[in-house]
Structures are given as C-alpha cells and as structure tokens.
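Colleague: Taken in sequence, the protein lines are chains G and S. Residue numbers 0 to 340, in numbering that gives the first Met the number 0, belong to the letters of the first sequence in order. Residue numbers 0 to 340, in numbering that gives the first Met the number 0, belong to the letters of the second sequence in order. Each residue gets a CB set at the ideal place from its N, CA and C atoms; glycine is no exception.
Protein chains: 2
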Amino acid sequence: MTDVGAPRITIHEVARRAGVSHQTVSRYFRRIESLKPATRQKIEAVVSELNYRPNPVARSMRTKRSGRLATILPSTPSLLHSQLLGGAAAIAQAEGYLLEVVTIVGDARTRADRVLELAANGGFEGILSLSPLALDLERSPVPIVATGDYDDQFRSQGELADASVVRNIIEHLVSLGHRDFLHIAGPQTFTSARNRKLVYETTIEELGLRSYGVADGDWSGQSGYDAVQGLPATCGVTAVIAASDQAAMGAIRAALERGWRVPDDISVFGWDDYDMGRYATPALSTVAVDRDAQGREAILKLIATVRGEEPPEPSHDPINRIIIRESVAPAPRRGAQDTSS
Amino acid sequence: MTDVGAPRITIHEVARRAGVSHQTVSRYFRRIESLKPATRQKIEAVVSELNYRPNPVARSMRTKRSGRLATILPSTPSLLHSQLLGGAAAIAQAEGYLLEVVTIVGDARTRADRVLELAANGGFEGILSLSPLALDLERSPVPIVATGDYDDQFRSQGELADASVVRNIIEHLVSLGHRDFLHIAGPQTFTSARNRKLVYETTIEELGLRSYGVADGDWSGQSGYDAVQGLPATCGVTAVIAASDQAAMGAIRAALERGWRVPDDISVFGWDDYDMGRYATPALSTVAVDRDAQGREAILKLIATVRGEEPPEPSHDPINRIIIRESVAPAPRRGAQDTSS
DNA sequence: CTGAAAGCGCTTACAG
DNA sequence: CTGAAAGCGCTTACAG
C-alpha cells in the first residue's frame, strides 16, 4: 500500500512501446490536432494498457505553469466556507486546476504577510481568499480574488456581498406596519457585513423610519442574544434584522426570555437559511444565499485573471432570496401607536 | 499584478552572489548542519536580500516527493467538513505538507474510480477522504485515510466514529424514567451513523428497554420531522435520539405540531452542538463533537502512514461531550405507567 | 507530420 | 566542509 516507489512509467517507455518518439506522445497528451490518426491510435493503445498519465510535476517544471490555485481558509471555517469551497473546487477541477487549501492563523498583518509569501513562493498561479484580507493586492505577484474582503476593492463584486436585499426586507416589514428597527450586524471586517449595515442605514433614512441602532455582532447566537437583552424595555423596536440565522435565533431567545412574543410583539429576520431555522419555533424568516454560486463566480473570476482573460460577466441570477416564515408578522399596535406620535 | 513571468531567481544566482556553489545553497535550505557558520551567513544575507525561496516544483521533481496531500470533499460539503478540514489543514501545514481539495461527484462507483485515479496519477503522497468511499484501499498506490468510511475497515478508528456516548445518553434518559425510545439515524453509508445505530440497538437490548424502532434519516431536519410525524399516536415513545441537531429540530417541530410538549411529553437529543440549537426553544440537548480534533487525528494518521511511521496513538481525550439542555426532562407519567405494565 | 537537442531548477551521489 | 556532474520527466523551439 505504501509502495510509492513503484517504477513510474515514463513518456519514453510509452513512446518505445508505441514505436514513436517521446515528443509525439507529448503531443498526444497536449491534444495537438496534427497527429496522424494511425499514430494517435498506437499511442492510445499503449497508454490505456499501461494506464499512463504524464507526470504533472515535470510538466509544470517545464511550462512554469503549476495548474494550482490556493484557497485561503480561516482557521475556524464555517458552513459558509464549505459551500463556497464546494462551488469553487468543482469549477477549478472542470477548468483543469487543482485547488489547494491553506489555513492561515494570526492577526490581520501576519495573515497578509503569509498570503504574500504564498503568492511569491507557493507555486500557485492564483489565490482565492475566503476570508477578509488586509492586503494591497497590487503587491502580489499572482492574482488574488477575495470574498468578503477587508477593504473596498471588491465592492464592485456586487454578487459576493450583495446587500440590496436588506432594502427589500425592510420594505416588506414596512408593508406590515413596522417603523422601529434594530440591525444586528456581522463583523465589520467582512464586506458583506459592512454592506448590509450600510444598506440598512441608508434605507432607514430614505424611508424615514426609526432605527434604534446597529448592534455589533459576530454572526454568533450569543451576539444576537446580547443585542436584544441590551435593548431598553421602552425602545419600541418591533423588527430585528440580523446578519445571520444564529444571531436571529439568539435574538428570538432573548426576546422570549424578556416576555416579548415573537412574532406578535417583535419580528425577526435571519440570514443564510440554515436547515435548523426552518424547524425552529417560530420558524425563522431568512435570506437564502446561493453560496455555491458565489464560490463558482469567485473562482471563475480568478481563473480568468490568471489566464489573462476578461473576467466573466457576473451572473445576474439572484443570489439572495427572501424567505418569509413564522418569525415575521404585522407590527403590534404598540408599534403603530408610536408611529402616530 | 499578473506579471507572473517576472524573472525567477534561481539557486545559481544566489550562489553566485554569495560566492558559493549552488549545492551549498541547496544544503542551506535543506538545513544541513555541517555548513560553516560563515558560509551560512553569507547565504542568509543574499537570501533575505533577494527574498529567494527554492522552487518547490523543481525540488519535488528531483526528490519524487510532492509534499502534497489530497482531501476528498463531497460535492455539497457541510459544516462538519469545514471543521474537519480546518483541523487537518493546520496539521498538514505544520508538518510541511500542502493539502489540496478535490471534490468528487457521481455515484459511489464513479467516485471510487476517480479516487484511485488521483491516487495513481495525481501526484499526491496520500489521500484523506472526508466522505464515504466504496473502495478497496489495498488497490491504492498511496495511503488513504477515510473518515466516516463506507465499509468497516475504519471501525478501529474509534475516535472518528465514536458512538459509545449513545449509551451514556440512553443511561441518562433511563435515570430520568424513560423506557420507550426512538432513534432517528443518519445515512448508513457513514460509519459514524451506522455505529450510533448499532450502539443504540445494543444498549436498548442490554438494558431491557423498548425501542419503537430506528427511523432512516439523512441528517436533515426534514428526516427528523418525518420520523416523528410518522409515529403512531399510541406508540408510547418518550425519548428521541437523533443523529444530528437538524434532525432533532425537525423532530421537535413535528412533536409540537402534534400537540406533544417538549420536553414534558417527549425528550429529544440532537448531535453536533450547532450554535443555533443552544438558542432554540426548547434549547437542544446535544453532543458536542471536537471535529477539529478529528480532522487533526485523521491527517496525523495519514502523514504517519505516508512517512512509513507508526500511526500515532489516537488521543484519549474525549471527543464527544454530552450537553443537557431544555429539550430533555423526566419521562411523563404516561411513560412511567407503560413501564409498570 | 515527426524526431534530436536543450533545458526547466533543483537534489543526489561522488570527489576532493 | 564544499564543488563538478548527472539526471528527475517533461515541453519547447528547431530541423527534417
């Protein structure tokens, strides 16, 4: 089982058996059209008999192309990262690249240094970061694409951090009579979290609504719980928009413990459409995000850049879909009264 | 930014500038002790000035060691896989290996073929599979370690599929007066799921308890929901042990919809300690699993095999920890009456 | 359309 | 302790 040293078949051996030169075998594997059918067949027979495949290391040595891309994973990956990775890995494979996973620990500065080190000496043709990166990408010798990145250079990657659906959520809640809102934000190192907060604040202002404010959160249930626990009893908030399903669950828990009924007294929205939210009581209203598609688009963009091609037009299929469940209902009369004051 | 063709510094250039031969520079990087301090310093100065690192492709070409391990990820990865991967990637990195992620789609047969193909020609020194594999590992030219594997060859990897805690859960429930159980199993392609079911059935029998049976599940909330929806009203079950938190949430949902109070009428256990379960109402009793440690142990085993060393003794730290929350309570009198009959 | 030569950037014996 | 030679398995011009 560990007989790694089994004599490797070389291109010369294949060439010898097929009665051609080793360059011709090389052409066969590079799918060069000009091969004579007869030659091609002879090679094909030997290749399938020996189950020979060219050594990718030797090829990469010669071509200076490694065919390898790196994915930077945070040290404590979440479901989100799995799903992004699943989409990205499938595309990478289909496009003939191998995706290598690298976890990076340490503070933002250390992580940035390590990524640059990888970019310079890792033998990768490109890097896809699934976590925020505090890095001037111009300094990298190979292309880097980051999702949820630290600074704003990827804000144009609208589909990766699309927060416009926050406005739709607020509008829906307004149609149910809500006027007093609270946002439980995600960590502001994530573009997606920053964008949701931004859209929340903008929409509140544009529609002339009241916001009790934005609670700092970190996606976790605890942060949602703390945010609602910390609300003054008289704040009048009737609708909470959390940046994650976990935070929403925490918020609901805190509300119930304070004797506030959900959704009768207060409506709560989550984000991510985790399986458990659908079966919770009350069932969680949320935003379904096509992470797989996000991962695919991110890696397609990276591969295009690596190849020096124009990045593909991002798909205009909606990546976010609002799902209304039991945790959302018309605003209570109290809320309506506040509005009339 | 895409200037990949920047002239690469070679070992010869470093050697020239340091006034030594390129072999000596090679020795420097292979940390060969015998270098004279003066020589070492000269090299060090040039290396840090040029920020030179040996080309790993060339090294691997020569040594026939790629330093690369593959991880097989299912096409729809879950949080579990993220966490396993996080643990595995950290260790791989620390041990000097790169972990490459490969997703494999198709039926069990296709996947097995593809893994063998990777093992033979992927240039990997070993393979870690995070999903079941229907494969005779003896046929692989490089070591393969699989978690949750298809057949029984990894049952000895107790720590990866440790189900003994199922017995502890049942004993706890018995101490609360429960006698009538239901198990909502995970997909039986997973060793972990099969083991939990096995321990469940064995314990029920050994302790002389009653089991309404084992419901087939697939980890999902829906499968838990269906299992409890399908229970006859008179089945007498007072305790449900689900193979996942999602299934447990589904089970609770179904129970509530049938007018059964949780935990007053029926107690429910989940598995995985998802963040959301802690904030659900009732808060979910569950099993916290150290997936990170599982990932670490799996990759350590793989690396040891690759190196031809003895696999490390699996840690005896408990990987599973039972967490009792609101979804579990003493059996209702009905249950107690049944017992006395 | 196919073959002989050179070389990618290292490491591994082998001398000295 | 350090240097000259050979070679890992391919691909890339260059001939023919």
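1) Can the beta-carbon of I240 (chain S) be found closer than 8 Å to that of Y199 (chain S)?
2) Cβ closer than 7 Å: which chain G residues qualify as neighbours of Q228 (chain S)?
3) From H11 (chain G) to V45 (chain G), what does the alpha carbon distance come to, in whole angstroms?
4) Does Y149 (chain S) have its Cβ less than 8 Å from a Cβ in chain G?
5) Counting only Cβ pairs nearer than 9 Å, list the residues of chain S close to Y96 (chain G).
6) Between R295 (chain S) and chain G, is the shortest Cβ-Cβ distance under 8 Å, so that the two count as touching?
7) Once DSSP output is grouped into helix, strand and coil, what is the label at F268 (chain G)?
8) Have a look at the DSSP bridge pairing and note the partners of R110 (chain S).
9) Could you spell out where the alpha helix (DSSP H) holding G18 (chain G) opens and where it closes?
10) Just curious, the alpha helix (DSSP H) that G220 (chain G) is in, first and last residue?
11) Could you please give the first and the last residue of the uninterrupted beta strand (DSSP E) stretch that includes V144 (chain S)?
12) So does the segment 70-90 of chain G actually touch the segment 279-295 of chain G, counting three or more Cβ pairs closer than 8 Å?
13) Quick check: the segment 166-185 of chain G against the segment 205-217 of chain G, are there 3 or more CB pairs under 8 Å?
14) Name the residues in the segment 43-68 of chain S whose C-beta lies less than 9 Å from a C-beta of chain G; which are they?
15) Would you check if there are 3 or more beta carbon pairs closer than 8 Å linking the segment 263-277 of chain S to the segment 317-332 of chain S?
16) Among all the DSSP beta bridges, which residues are the ones paired with D179 (chain S)?
17) At the level of alpha carbons, what is the spacing between I353 (chain G) and P131 (chain S)?
18) Quick check on E99 (chain S) - is its C-beta less than 8 Å from some C-beta in chain G?
19) Taking DSSP's pairing of strands, which residues face N319 (chain G) in a bridge?
20) For T102 (chain G), return the contacting residues in chain S, with the cut-off set at a CB-CB distance below 7 Å.
21) In its own chain, which residues sit with a C-beta less than 7 Å from the C-beta of A242 (chain S), not counting the 5 before and 5 after it?
22) Taking the C-alpha atoms as reference points, what is the distance between L172 (chain S) and A238 (chain S)?
23) Output the distance between the C-alpha atoms of I126 (chain G) and I71 (chain G), rounded to the nearest integer angstrom.
24) Closest to L175 (chain S) by CA distance: which of S:T304, S:G18, S:S326 and S:H21 is it?
25) For the beta strand (DSSP E) containing E94 (chain S), list its first residue and its last residue.
26) Over the uninterrupted beta strand (DSSP E) stretch that includes T9 (chain G), give me the two end residues.
27) Within 10 Å of its beta-carbon, does R277 (chain G) have 16 or more other beta-carbons around it, so buried, or fewer, so exposed?
28) With 8 Å set as the bound, which would you pick, yes or no: does the beta-carbon of V14 (chain G) sit closer than that to a beta-carbon of chain S?
29) I'd like the span of the alpha helix (DSSP H) that includes L255 (chain G), first residue to last.
30) Excluding sequence positions up to five away, which residues of its chain have a Cβ less than 6 Å from the Cβ of S103 (chain G)?
31) Does E43 (chain S) pass the burial test, meaning 16 or more other C-beta atoms within 10 Å, or should it be called exposed?
32) Can you give me the Cβ contacts of Q221 (chain S) inside the same chain, cut-off strictly under 8 Å, excluding the 5 residues immediately before and after it?
33) Restricting to runs no shorter than 4 residues, where is the alpha helix (DSSP H) found entirely within the segment 22-71 of chain S?
34) Do you know whose CA, among S:T202, S:R306, S:I8 and S:P311, lies nearest L49 (chain S)'s CA?
35) Between the Cα of E124 (chain S) and the Cα atoms of G:V56, G:K41 and G:P36, which residue gives the shortest distance?
36) Going by other Cβ atoms of all chains shown within 10 Å of its Cβ, with 16 needed for buried, is I251 (chain S) buried or exposed?
Modeller: Let's see:
1) yes
2) Around Q228 (chain S), no beta-carbon contact reaches into chain G at under 7 Å, the shortest distance being about 12 Å.
3) 12 Å
4) With a pLDDT of 36 at Y149 (chain S), under the threshold of 50, the modelled position of that residue is not reliable, and no figure is offered here.
5) Per Cβ cutoff of 9 Å: no residues; Y96 (chain G) is ~10 Å from chain S at best.
6) So, not an interface residue.
7) For F268 (chain G), the three-state secondary structure derived from DSSP is strand.
8) R110 (chain S) pairs with nothing; no bridge assigned.
9) Taken as a continuous stretch (DSSP letters only), G18 (chain G) belongs to no alpha helix (DSSP H), as it is neither H nor E.
10) G220 to Q228
11) I143 to A145
12) yes
13) Taking a cut-off of 8 Å on C-beta distances, the segment 166-185 of chain G touches the segment 205-217 of chain G, as three or more cross pairs fall below it.
14) N50, Y51, R52, P53, N54, P55, V56, A57, S59, M60, K63, R64, S65 and R67
15) yes
16) Beta-bridge analysis with DSSP links D179 (chain S) to S:R209.
17) With chain G running from 0 to 340 in the structure shown, residue 353 (chain G) is simply not present.
18) yes
19) G:V288
20) G85, A88, A89 and Q92, listed in chain order.
21) I183, A184, G185, A192, R195, G216, W218 and W270
22) L172 (chain S) and A238 (chain S): Cα-Cα distance of roughly 7 Å.
23) 7 Å
24) Checked all of S:T304, S:G18, S:S326 and S:H21; the closest Cα to L175 (chain S) is S:S326.
25) First-last for E94 (chain S): undefined, no H or E at that position.
26) T9 (chain G) -> no beta strand (DSSP E), and no H or E assigned at all.
27) buried
28) Here the sequence assigns Ala to residue 14 (chain G), which means Val is not the residue at that position. Chain S, which has no Cβ nearer than 8 Å to the Cβ of A14 (chain G), makes this no.
29) D244 to E256
30) For the sequence presented, residue 103 (chain G) should be read as Ile rather than Ser. Taken in chain order, the residues that qualify are I71, R110 and R113.
31) exposed
32) G249
33) 36-49 and 55-62
34) S:I8
35) Checked all of G:V56, G:K41 and G:P36; the closest Cα to E124 (chain S) is G:V56.
36) Buried.
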